[in-house]
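Residue numbers (our numbering): 13 to 227.
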């Protein structure tokens, strides 16, 4: 029996709805009161840092396997401008969670790079895009903020440190040449005071000389 025109259009309409309407049966629903995660920031980052374990020759025939930024120690110099927003993509190619801390910057805690301040870890392997406005101006460092504990190959005992220069918004300075110097010691050892002897900066015993006034 040939279907009527009304039945034919009704059947076509149901089929079209099955094609264009999404099937939500296979999607998990977010708990009530939660907001969906914001979409990632678009565009190309100003800088990209990749954390990985790399052999570094510190001296002739003196090679250590350390964690580095972009396969080098110190990490690459980052030049930022005071008050101008910057975007940095950080990749973690190691097998442990990492933090990237912006030393000396007055920025929000979620991008500061310190877990105790509320910054999320960069998972292994994983990536995080960091967006902030640098301030104040000056020569600073970016470095790992993972606590090494008893592991003297982790945290800042590794090669995860690099220089960052925030150019002043005003009065850039008058100079003939820029020199950015980074000093670092490797293969540390435990001592009585933690990273160094307690009397490193001051002697353990202070000697006093009695002065007498004579008439």
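Glycine included, C-beta positions come from ideal geometry on N, C-alpha and C.
The model shown is predicted, which means the values in this text are computed figures rather than measured ones.
{"Item": "CA-to-CA distance, residue 128 to residue 80, given in whole angstroms", "Value": "23 Å"}
{"Item": "Proximity winner among 145, 84, 157, 56, relative to residue 131 (alpha-carbon distances)", "Value": "157"}
{"Item": "Other residues of its chain near residue 166: CB distance less than 7 Å, five sequence neighbours each side excluded", "Value": "158, 160"}
{"Item": "Rounded C-alpha distance that separates residue 6 from residue 150", "Value": "Here the chain has residues from 13 to 227 only, and residue 6 is not among them."}
{"Item": "Pairwise C-alpha distance: residue 102 and residue 141", "Value": "6 Å"}
{"Item": "Check whether residue 177 and residue 192 have beta carbons under 8 Å apart", "Value": "yes"}
{"Item": "CB of residue 60 within 8 Å of CB of residue 95, strictly", "Value": "no"}
{"Item": "Between the CA atoms of residue 64 and residue 82 - distance to the nearest angstrom", "Value": "7 Å"}
{"Item": "Outcome for residue 195 when other beta-carbon atoms lying within 10 angstroms are tallied against a minimum of 16", "Value": "exposed"}
{"Item": "Proximity winner among 73, 58, 118, relative to residue 90 (alpha-carbon distances)", "Value": "58"}
{"Item": "Coil, strand or helix - residue 169 by DSSP", "Value": "helix"}
{"Item": "Alpha carbon of residue 136 to alpha carbon of residue 198, nearest angstrom", "Value": "24 Å"}
{"Item": "Pick from 185, 190, 147 that is closest to residue 92, judged by C-alpha positions", "Value": "147"}
{"Item": "C-alpha distance - residue 138 paired with residue 70, whole-angstrom precision", "Value": "28 Å"}
{"Item": "Helix, strand or coil at residue 122 [DSSP, three-state]", "Value": "helix"}
{"Item": "Residue 127 - DSSP class collapsed to helix/strand/coil", "Value": "helix"}
{"Item": "For residue 82, the three-state DSSP class (helix, strand or coil)", "Value": "coil"}
{"Item": "Distance between beta carbons of residue 114 and residue 124, contact taken as under 8 Å", "Value": "6 Å"}
{"Item": "Per-residue burial, residue 67 [other beta carbons within 10 Å of its own, 16 or more giving buried]", "Value": "exposed"}
{"Item": "The beta strand (DSSP E) enclosing residue 113, as first and last residue numbers", "Value": "112 to 114"}
{"Item": "Per-residue DSSP class, three states only, for residue 52", "Value": "Only weak support exists for where residue 52 lies, its pLDDT of 45 falling under 50; the coordinates are left without a value."}
{"Item": "Of the residues 97, 143, 168, 100, the one placed nearest residue 155, counting alpha carbons only", "Value": "168"}
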